[in-house]
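Colleague: In the numbering used here, the protein residues as written are 1138 to 1267. Glycine included, every Cβ here is placed at the ideal spot set by N, Cα and C. Predicted model, so just to flag it, every value in this text is computed and none were measured.
1) Identify the residues that DSSP records as bridge partners of residue 1261: which are they?
2) Measuring alpha carbon to alpha carbon, tell me which residue in 1161, 1206, 1167 and 1160 is nearest residue 1245.
3) Tell me the DSSP secondary structure of residue 1207 in three-state form.
4) I want to know whether the segment 1191-1198 touches the segment 1167-1178 - three or more CB-CB distances under 8 Å.
5) Between which two residues does the beta strand (DSSP E) containing residue 1194 stretch?
6) Go ahead and pull the three-state DSSP assignment for residue 1172.
7) Assign residue 1159 to one of two classes, buried (16 or more other C-beta atoms within 10 Å of its C-beta) or exposed (fewer than that).
8) How would you write the range of the beta strand (DSSP E) that residue 1229 sits in, first residue to last?
9) With DSSP as the reference, label residue 1198 as helix, strand or coil.
10) Give every residue of the same chain whose Cβ lies closer than 7 Å to the Cβ of residue 1231, excluding the five residues on either side of it in the sequence, and list them in chain order.
11) Exposed or buried, what is residue 1236 when buried is set at 16 or more other beta-carbons lying within 10 Å of its beta-carbon?
12) For residue 1251, which three-state DSSP category applies?
13) Where does residue 1218 fall in DSSP's three states?
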């Protein structure tokens, strides 16, 4: 029984690793023109953050618990400390952990046109089967 269980675990891991891909999601803050308030924003890291960002709630509220879509996938931040602490976990729409997040040194991303500059607070690394 032990050998059979170990074989099934190995097959499951092999199947998962063969379709798994890594993606990074950037998160930060940006002043919004409609209410002149800083909001949490997210984007696919490595692609244009502006335009291309998804706007979440105001920065004075936690980013955790706010669902957002990037492409066809819905994510939710989790593991925030306090009202404005950065997220440490990334969950899928079923509430399962699909990634981890880390804060950085608040790098500025220069936007053009009508977009305000973004201050990048960190990156989440996603590992999923899509």
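Modeller: For this structure:
1) 1162 and 1238
2) 1167
3) strand
4) yes
5) 1191-1195
6) Coil.
7) exposed
8) 1226-1229
9) coil
10) none
11) buried
12) Residue state, collapsed to three classes: coil.
13) In the structure shown, residue 1218 sits in coil (DSSP, three-state: anything other than H, G, I, E or B).
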